[in-house]
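In order, the protein sequence lines correspond to chains A and B.
Residue 81 in the numbering used here is what sits at position 81 of the first sequence, and the numbering runs on without skipping anything.
Residue 137 in the numbering used here is what sits at position 137 of the second sequence, and the numbering runs on without skipping anything.
Ideal Cβ placement from N, Cα and C applies to all residues, glycine included.
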Amino acid sequence: MVTGHGRIALFVRVWLPVGFFLVLALFPFYWMAITSLKADSELYNQRLMPLMLRHPTLQHYVDLLTQTNFLLWTWNTMLVAVVSTAISLVLGTMLAYPLARMRFAGAGLIAMTVAAIYLVPQPLLFLPLADVINRLDLGNTLTAVILTYPTMLVPFCAWLLLGYFKTVPKELEEAARIDGASRLQTMRQIFLPLCTPGFISAGIFAFTLSQNEFLYALIFLTKSSVRTVPVGVIAELIRGDVFYWGQLMAGALLGSIPVALIYSFFVEHYVAGLTSGAVKG
Amino acid sequence: MSIRTESLITLARPRRRDVSFAGWLDREAVFSWLMMALPLLFLAALVGYPLVYGVLLSLEDRSVGHTGHFVGFKNFITDFHDPVFWRVAANTFVYTIAATLLKMVGGLGLALAMNQDFWMKNLIRALLLLPFIVPTVLSTVAWMWMLDPAFSVVNRILIGLGVPKPGPSWLGTPLLAMFSIIMINTWRGLPFYGITLLAGLQTVPPELYEAATIDGASGWQRFRFVTLPLLKPIILIVTLFSVIFTFADFQLVYVLTHGGPQNATNLFATYAFDIGMGAGQLGLGASVALMMLPALALLIVGLTLYMRRA
């Protein structure tokens with residue numbers, strides 16, 4: 001594949017395109033960061049070169065944490081993401097294990113239904129779901145989103161885990177069966193401990209998707225004290241026609257950090273999940 | 001190996017069917033359905049039921065605070081006579097097609113650029129995925145600020161490069177607003193294409209390139225006749241995935257433009273939200289959302305069948 005030689009060729013072939021994509025991908029984050037660190041006097045001064053930061057200040061962060069419910073929103077977001085991820089992993093495993101290991105009539109149909117449900121987008125469901133949540137009297141409770149997020153996360157986890165389960169060799173389970181273990185014991189004590197990497201991949205994805213969710217949270221959570229970060233930022237930091245850009249960017253950056261941190265610890269799992277999800281399906 | 005163990009298991013199994021409760025539980029079908037019962041019930045209650053209920057809702061004149069009556073296809077007829085509805089349909093198709101094409105071409109470029117050996121490759125790959133990881137709403141707010149009418153940094157850079165002041169009004173003019181949402185959707189989705197296609201590229205055996213080179217194929221010919229055919233299945237799956245979620249996109253448009261100016265960026269999802277939630281006309285809103293179904297159903301069935309085969 002290599003055709004060019006020398007430093008110039010390397011630069012043209014590698015660093016020019018990679019650098020282009022890198023700047024494109026990262027500039028908005030750089031812009032978020034320096035905006036959030038500028039004092040308003042610097043931020044709204046048209047005569048200063050905007051790409052540089054002259055007098056960094058944490059004022060916007062202090063305001064964000066003391067004058068808004070941002071910390072509470074972060075807590076809500078985390079709670080919802082962790083609980084709905086846990087529910088989805090458990091329910092997803094309960095779907096994926098039989099589909100990966102057992103032979104029974106209807107297995108193919110169930111597998112296809114689960115895949116199809118994963119592809120049903122939220123905008124198709126939000127109006128009837130809003131009515132269901134209202135009738136259950138769950139409006140403005142975190143339960144509303146903890147119940148509805150798994151509607152997209154369960155099929156997703158099931159599909160990803162199904163792909164992973166199929167790559168785990170069967171021999172250990174067969175040995176356990178011969179030794180007289182029941183199917184449930186075999187699954188819990190022999191099989192599931194082998195699947196930790198699969199659970200990490202599915203867990204990170206589910207966690208990221210819950211942090212990213214907006215539509216259901218927007219509809220079901222209208223009281224400030226129960227809001228999640230995305231909804232809180234949109235609904236309360238944008239006040240009428242006045243934008244508090246410093247605070248907004250501080251909020252956007254802080255809201256992105258949990259996902260980015262978790263992602264940085266498990267990049268390899270994430271990439272593996274991403275590619276197996278689409279490639280192997 | 002596995003064949004032999006399986007035959008051993010059949011030998012070890014008792015001939016008579018176990019009639020005890022534990023034996024009944026151990027049957028593959030019984031165990032499977034019991035295990036799947038809870039998740040299936042959950043999905044039936046919170047996906048299946050709302051889907052059916054949404055269809056019924058679209059046939060009623062239901063609005064917030066009023067009980068609805070069955071009105072047949074009246075809501076759908078209202079949609080067909082609504083010029084905004086047709087604008088929304090056209091917008092959704094333009095948005096989906098343009099953003100998908102850009103992501104596909106750009107993603108392929110990104111994958112090809114990344115499929116080389118260079119310094120800090122893993123770190124760079126991790127950084128490139130950031131736009132895809134970060135919650136859409138939060139990165140969209142950053143773009144909103146970057147395209148702000150008074151303080152747009154994009155315009156400041158453009159002016160620095162010689163574009164006359166005050167620079168384009170990105171979110172204020174219909175055509176540019178559509179262009180902006182397409183570009184931001186591309187910005188967010190490109191890494192997904194790039195990294196997935198990169199994984200595909202890495203499975204292409206190097207011998208194929210060597211053989212093609214020996215046969216005298218040029219760089220372009222190797223790409224066209226070796227790389228592209230082998231990548232085709234992955235490109236197809238990734239594209240179908242992304243088409244489905246771009247077609248039903250809500251967050252980006254809701255945050256950036258609210259569908260404006262003059263409905264120039266209103267999509268099915270945001271329009272259904274406006275009618276159902278904003279104006280409280282649940283029945284009519286449900287009918288707008290359901291109009292996504294024919295195109296989506298086609299895509300979903302196609303993709304599911306394809307994944308099943310693969």
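Quick check: what's the CA-CA separation for residue i versus residue j?
| i | j | result |
| --- | --- | --- |
| ASP249/B | LEU26/A | 23 Å |
| GLY278/B | ALA235/A | 14 Å |
| THR186/B | VAL105/B | 10 Å |
| PRO191/B | GLY273/A | 14 Å |
| PHE44/B | VAL30/B | One point to set straight first is that residue 44/B is Ala, not Phe, in the sequence displayed. Using only the alpha carbons, I get a separation of about 20 Å. |
| LEU230/B | GLY109/B | 16 Å |
| MET102/A | LEU194/A | 18 Å |
| SER32/B | ILE110/A | 11 Å |
| ARG222/B | TYR209/B | 7 Å |
| THR270/B | VAL301/B | 24 Å |
| ALA272/B | LEU59/B | 15 Å |
| ASN91/B | ALA177/B | 11 Å |
| ALA98/B | VAL163/B | 25 Å |
| LEU38/B | ALA206/A | 19 Å |
| ILE157/B | PRO168/B | 12 Å |
| PHE243/A | PRO83/B | 33 Å |
| VAL154/B | LEU305/B | 44 Å |
| SER182/A | PRO150/A | 29 Å |
| LEU34/B | THR186/A | 16 Å |
| GLY203/A | ILE237/B | 23 Å |
| ALA22/B | LYS166/A | 26 Å |
| ILE3/B | VAL168/A | Its pLDDT being 49, under 50, ILE3/B is placed unreliably by the model, and the measurement read from it follows with that caveat. Between ILE3/B and VAL168/A, the C-alpha separation is close to 16 Å. |
| ILE181/B | LEU256/B | 8 Å |
| ALA113/B | TYR193/B | 13 Å |
| SER242/B | GLY180/A | 47 Å |
| GLY246/A | ASN212/A | 22 Å |
| PRO50/A | LYS165/B | 16 Å |
| LEU290/B | LEU40/B | 24 Å |
| LEU161/A | THR66/A | 42 Å |
| VAL271/A | ILE195/B | 8 Å |
| MET1/A | LYS121/B | In this predicted model, MET1/A has a pLDDT of only 45, less than 50, meaning its place in the structure is not dependable enough to derive any value. |
| GLY160/B | THR196/A | 52 Å |
| GLY171/B | VAL64/B | The residue you asked about is not Gly; residue 171/B is Leu in the sequence shown. One C-alpha to the other measures close to 32 Å. |
| LEU53/A | ILE34/A | 6 Å |
| ALA297/B | ILE190/A | 39 Å |
| LEU228/B | ALA211/B | 16 Å |
| PRO17/A | THR213/B | 24 Å |
| PHE73/B | ILE275/B | 17 Å |
| ILE146/A | LEU240/B | 28 Å |
Which one or two residues does DSSP pair with residue i in a beta bridge?
| i | result |
| --- | --- |
| GLU60/B | PHE70/B |
| ILE238/A | PHE243/A |
How many whole angstroms separate the CB atoms of residue i and residue j, which I take to be in contact at a CB cut-off of 8 Å?
| i | j | result |
| --- | --- | --- |
| LEU248/A | TRP86/B | Not quite, the Cβ-Cβ distance comes to about 35 Å (not below 8 Å), so this is no contact. |
| PRO155/A | TYR97/A | Not confirmed; about 15 Å, so no contact. |
| GLY283/B | ASP61/B | 5 Å |
| VAL47/B | VAL120/A | 7 Å |
| VAL226/A | ASN140/A | 5 Å |
| CYS157/A | LEU261/A | Not confirmed; about 21 Å, so no contact. |
| LEU267/B | THR140/B | Actually they do not touch by this definition, with Cβ atoms about 14 Å apart. |
| ILE124/B | LEU215/A | About 33 Å; that fails the 8 Å criterion. |
| ILE234/B | GLY200/B | 4 Å |
| PRO135/B | VAL259/A | 7 Å |
| LEU95/A | VAL80/A | Rounded, the Cβ-Cβ distance is 22 Å, inconsistent with contact. |
| THR100/B | THR265/B | Not confirmed; about 17 Å, so no contact. |
| LEU124/A | GLY54/B | 7 Å |
Entirely enclosed beta strand (DSSP E) segments - the region 83-132 of chain A, minimum 3 residues: none
Do the region 22-37 of chain A and the region 250-261 of chain A make contact, defined as three or more Cβ pairs closer than 8 Å? yes
Using a Cβ distance threshold of 8 Å, determine whether the region 81-89 of chain A contacts the region 18-29 of chain B, with at least three qualifying pairs required. no
Is it a yes or a no for the region 117-128 of chain B touching the region 255-267 of chain B, going by three-plus beta-carbon pairs under 8 Å? no
Meets three-Cβ-pair contact criterion under 8 Å: the region 45-61 of chain A and the region 128-138 of chain A: no
Is the region 127-134 of chain B touching the region 189-205 of chain B, taking contact as three or more C-beta pairs under 8 Å? yes
At which residue ranges does the region 142-198 of chain A contain complete alpha helix (DSSP H) runs of 4 or more residues, listed in the order of the chain? 142-167, 171-178
In the region 150-204 of chain B, which residue ranges form an unbroken alpha helix (DSSP H) of at least 4 residues, counting only runs that do not cross its ends? 153-160, 174-201
Within the region 199-231 of chain A, ranges of the alpha helix (DSSP H) (whole runs, at least 4 residues): 215-220
Which ranges would you report for the alpha helix (DSSP H) in the region 246-270 of chain B if only whole runs of at least 4 residues count? 251-256
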